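A short write-up of the structure that comes next.
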Amino acid sequence: LTVSFIQMLKAFTPVMTLGFLVLARMDEPSSNVTYSVLFICLGTAIAGSGEMNFSFIGVFSMLTAQVCEALRLIFTQKMLQDLRFNVLETLYYVTPACAFWVFWAALLAEIPYMDDSVIEKFFLHKHMFFASGFLALSTNLINWYVIQVTDALTMKLVATARNALLVLFNAVFLSEIVTEVQGFGYSLSLIGFLAYNHFKIKEKEIRSRTSSVRARTSSFDMVKRNSTGSLDDTYANGKALAKV
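The opening position of the sequence shown corresponds to residue 238 in the working numbering, with each subsequent residue numbered one higher.
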């Protein structure tokens, strides 16, 4: 699979994320938001139909990775929003699990083929390895912060827009072939992304106004109850004095 096609397949991840969020009862999207995400899915499917280097194993591997990615984002959102963990606490708990699985994957796929030259390359280019590790840590912290202040679906849709730039970069500077069908499909995905942002912002505005109205109504009811209670007390005290 080409890099461009891989990025186009990644645009399908928000659909999976939305589905898992609904199944987990962590989100109740409006019909407009759902249609926008499905529009992204349609554009991705069209882009896939124009792939020149199609591989069933490659596509299956990508879809499996996307399912795992969607589930990871949902669990991360639950830790950051429902369980009220901060970003560093999430890093503290998630990192050991990631290290465990990466170790076993390396043990099976990489360590048997390593020799002394690999260690020499590490020390020769150690500054690049440390820089890569620092950037990976920064990426995780920023992604988790975005999930904390928004949600997992928004984070993946922002990543979809970023992938569009990567597709453009590969087509212009790396001479990767992007067919007209792929370009049309990915354009639909970007239109869906813009529509999603539009409807999501409108939803937040409506929720904000609704919360404000409820808060004012609650305050009014409280004042009304207090006033009624004060009048009742005054009336009771007046009756008591009249009897005396």
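Glycine included, C-beta positions come from ideal geometry on N, C-alpha and C. Quick caveat, the model's predicted, so the values are computed rather than measured.
Check, Outcome
"Alpha helix (DSSP H) segment containing L317, residue limits", "No alpha helix (DSSP H) contains L317, which DSSP labels as neither H nor E."
"Beta carbon of A251 nearer than 7 Å to that of L394", "Checking the sequence shown, residue 251 turns out to be Pro, not Ala. Yes, they are a contact pair."
"Neighbourhood of Y330 by C-beta distance below 8 Å, restricted to the same chain and skipping five residues each side", "M316 and F322"
"Element boundaries [alpha helix (DSSP H), containing V331]", "V324 to A346"
"A373: first and last residue of the uninterrupted alpha helix (DSSP H) it sits in", "K363 to V386"
"Span separating the alpha-carbon of V296 from that of I283", "14 Å"
"When K358, F371, T313 and M392 are compared against T327, the one with the closest alpha-carbon", "T313"
"Helix, strand or coil at L200 according to DSSP, with G and I counted as helix", "Since the first residue shown for the chain is 238 and the last is 481, residue 200 is missing from the structure and cannot be characterised."
"Best match in S445, K437 and Q419 for proximity to I243 [C-alpha to C-alpha]", "Q419"
"Backbone secondary structure at T254 - three-state DSSP", "helix"
"Helix, strand or coil at Y472 according to DSSP, with G and I counted as helix", "Note on Y472: pLDDT 48, under 50, position unreliable in the model; the coordinate value appears next. In the structure shown, Y472 sits in a helix (DSSP, three-state: H, G or I)."
"Beta-carbon proximity list for K437, same chain, < 8 Å, skipping 5 on both sides", "V270 and T391"
"CB of F257 within 7 Å of CB of I294, strictly", "no"
"Rounded Cβ spacing between Q303 and Q385 (contact assumed at less than 8 Å)", "Actually they do not touch by this definition, with Cβ atoms about 22 Å apart."
"For T416, three-class secondary structure by DSSP", "coil"
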